[in-house]
Ligand SMILES: Cc1cc2nc3c(=O)[nH]c(=O)nc-3n(C[C@H](O)[C@H](O)[C@H](O)COP(=O)(O)OP(=O)(O)OC[C@H]3O[C@@H](n4cnc5c(N)ncnc54)[C@H](O)[C@@H]3O)c2cc1C
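Residue numbers (the numbering used here), protein chains in the order written: chain E, 3 to 257; chain P, 160 to 515.
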């Protein structure tokens, strides 16, 4: 089987800071493979056999190669970076359209597509559904478990108030929402092996996409303005060096 | 010059455009503009305590649309005959026309078929706005609908307003302390909103509306082998009067302490995402943009720094008290009382006092 894995590189959100004007300080913030994508890759590794291939794909700037390298270390066989100046500023619609072009042009022979539930930075969880609709395939969200036997594959989805087990039709999209914290981490030999594999880069023209289909120009949503909220809220500062005085104060306040 | 058919003066008005309209009329009356008008809301249903009910967030969205827009509010509900008993309620909350996509097989939720049904109604009524509740199902269906309609979608909006037919969607932007207002260049403009972001409107008992039946267009259903309903043990933090909220600044042992205090004073315990990420607290207790919005009388934040995403969830709290060791923690901007002290020690003292 051929598994496509759509991944995203995100800034390590635990490391983001803002300057005194409330703007993001992104320089110096390390980028990492989105944790949910890592869970998705781990899930494929659990069901894959020796003939199967895993192809990792991402749209992003050249630095996103690092995230692809991480995928190669963790078991992906091939990696593609969709990178072009014109891709910048894409919303989820333009992103999905670019990924759709990749699938149709480069990997139409896939068996299943895996995604992470959401990117830790944007948190919209929209690309998996938009992509699956553009490819006209069924989507399976909130997947927490997968199994494979001779008759096919099944997934377990957790909707919060319902646990569903579904048969997976050939050519489905699986969006993974939970991972095993004890998953496999890359060893030195996997790391060396990965460094030998090539990451292929594709631009807008090689995907056959027009300039108005991608990036900011191909996006349907635009930021009109943004601001960092500053409140003029007056707050009383209370010395809490003595825990018992503070505790008493709180308990009296909520009576 | 050809004859002008739109006026009686036999072409003397000087029309020379292909539409046969007097010059300047297209611009004057904006005739080349889209005719998108109404607002469409997906009325999501769910089985709550063995009974089919409308999910609260759908009603909150109807209420919000009534406040910000003069256009009609149209609902779409998907399901079999039993959905009928919900009609009165739906009209009472402000829906004018309800499209009921009636199909036995769609009594069960299928994201693909549901998205097709919503898009089908949208194509028929040509709405300016489509709102969908940010539940687990809404967040799955909405982007699929957006892809069918080739339009944009803004997730988890914390505020919505209208400028004419243009919808302005506000949400915290990624990672940092930024709030962004987003617009969509196409009709329909789509947004999802988390439960509890907007208040429940008052029902107008006896209010009437029209029901239109639609056939489902998609028969391509998934093979669901089993479906098990989970009782969601709602400690329901969105309804609590007092919330003791815990963040990364506390020790793990303090969770049990906070639970004990909460039980004594009739409070609930909530948390920041940091504790959910650590696996110390369940996701349904998380407050904030990707968790719940809460509106307690008192919100007490222990060891929570006050990231923009966290603050997005506590705007409706009447009183906010924060306990933090950092005098510059950003939560200070939002709180009424800021106690500069050690959260674990203060929690322990509160526990002691309540036990004595
Ligand atoms: C897309 C996206 C969505 C998100 N959604 C949410 C969301 O819904 N809800 C949410 O909460 N977060 C959300 N986050 C995460 C958010 O950005 C923060 O990382 C998170 O809120 C931080 O949690 P915290 O305040 O508990 O931890 P920290 O920011 O680490 O703060 C800990 C605080 O504890 C204080 N402290 C330390 N020791 C003590 C002590 N002994 N006594 C008292 N105080 C002490 C510190 O001074 C500090 O202020 C989201 C992030 C992203 C990118």
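Quick reminder that beta carbons are idealized off the backbone N, C-alpha and C, glycines included.
| Query | Result |
| --- | --- |
| Could you pull the DSSP bridge partners for residue 461 of chain P from this structure? | P/405, P/482 |
| Give a yes or no on whether the minimum CB-CB distance between residue 225 of chain P and chain E is below 7 Å. | no |
| Whose Cβ in chain P lies nearer than 7 Å to the Cβ of residue 216 of chain E? | Ordered by position in chain P, no residue passes the 7 Å Cβ test against residue 216 of chain E, which lies about 14 Å from the chain. |
| Identify, in the order they occur along the chain, each residue of the same chain with its Cβ nearer than 7 Å to the Cβ of residue 196 of chain E, setting aside the five sequence neighbours on each side. | 71, 74, 75 |
| To the nearest angstrom, report how far apart residue 323 of chain P and residue 307 of chain P are at their CA atoms. | 25 Å |
| If we call anything under 7 Å between Cβ atoms a contact, is residue 217 of chain E one with residue 89 of chain E? | yes |
| Tell me which residues share the same chain as residue 261 of chain P and place their Cβ nearer than 6 Å to its Cβ, disregarding the 5 neighbours each side in the sequence. | 372 |
| Give the single residue among E/36, E/151, E/220 whose Cα lies nearest to the Cα of residue 95 of chain E. | E/220 |
| Taking the Cβ atom as the reference point for each residue, do residue 5 of chain E and residue 114 of chain E lie within a distance shorter than 7 Å? | yes |
| Say whether chain P places a C-beta atom closer than 7 Å to the C-beta of residue 178 of chain E. | no |
| Relative to the C-alpha of residue 245 of chain E, which residue among P/501, P/352, P/257 is closest? | P/501 |
| Note down the Cα distance separating residue 186 of chain E from residue 47 of chain E, rounded to an integer number of angstroms. | 9 Å |
| Taking Cβ-Cβ distances shorter than 7 Å, what residues in chain E pair up with residue 211 of chain P? | None at all; the shortest Cβ gap to chain E is about 13 Å. |
| So if I threshold CB-CB distances at 7 Å, which residues from the region 286-307 of chain P count as touching chain E? | 295, 296, 298, 299, 302, 303, 305, 306, 307 |
| Can you pull the chain P residues whose beta carbon is under 7 Å from the beta carbon of residue 246 of chain E, in chain order? | 508 |
| Who are the neighbours of residue 495 of chain P on chain E, taking C-beta pairs under 9 Å? | 235, 236, 237, 238 |
| Starting from residue 349 of chain P, follow its DSSP beta bridges and name the residues at the other end. | P/289, P/312 |
| Considering just the uninterrupted stretch of the alpha helix (DSSP H) at residue 325 of chain P, what are its terminal residues? | Looking at the DSSP string, residue 325 of chain P is not in any alpha helix (DSSP H); the run it does join, the beta strand (DSSP E), is 325-331. |
| Between which two residues does the beta strand (DSSP E) harbouring residue 242 of chain E extend? | 238-242 |
| Residue 498 of chain P CB to nearest chain E CB: under 7 Å? | yes |
| Mind checking if residue 242 of chain E is an interface residue toward chain P, Cβ cutoff 7 Å exclusive? | yes |
| Runs of 3 residues minimum, wholly inside the region 95-153 of chain E: which ones carry the beta strand (DSSP E) assignment? | 114-118, 141-151 |
| Taking CB distances under 7 Å as the criterion, tell me whether residue 514 of chain P reaches chain E. | no |
| 7 Å is my cut-off, CB to CB: does residue 162 of chain E come that close to chain P? | yes |
| On the DSSP bridge list, what partners appear for residue 165 of chain E? | E/160, P/387 |
| Please list the partners that residue 136 of chain E has in chain P, where partner means a Cβ-to-Cβ separation under 7 Å. | 306 |
| So which of E/135, E/63, E/83, E/56 has the shortest CA-CA distance to residue 202 of chain E? | E/83 |
| For residue 383 of chain P, tell me which candidate among E/57, E/222, E/250, E/170 has the shortest Cα-Cα distance. | E/170 |
| Distance check for residue 499 of chain P and residue 241 of chain E, CA to CA, integer angstroms please. | 5 Å |
| Could you list the residues in the region 140-173 of chain E with a C-beta less than 7 Å from some C-beta on chain P, going in chain order? | 140, 141, 143, 144, 156, 161, 162, 163, 164, 165, 166, 167, 168, 169 |
| Let's see if you can read the secondary structure: which residues bound the alpha helix (DSSP H) around residue 339 of chain P? | Looking at the DSSP string, residue 339 of chain P is not in any alpha helix (DSSP H); the run it does join, the beta strand (DSSP E), is 338-343. |
| Express the C-alpha separation of residue 489 of chain P and residue 23 of chain E in angstroms, rounding to a whole number. | Its pLDDT being 49, under 50, residue 23 of chain E is placed unreliably in this model, and the value from its coordinates should be taken loosely. Spanning the two alpha carbons is a distance of roughly 13 Å. |
| Return no unless some Cβ of chain P is closer than 7 Å to the Cβ of residue 65 of chain E. | no |
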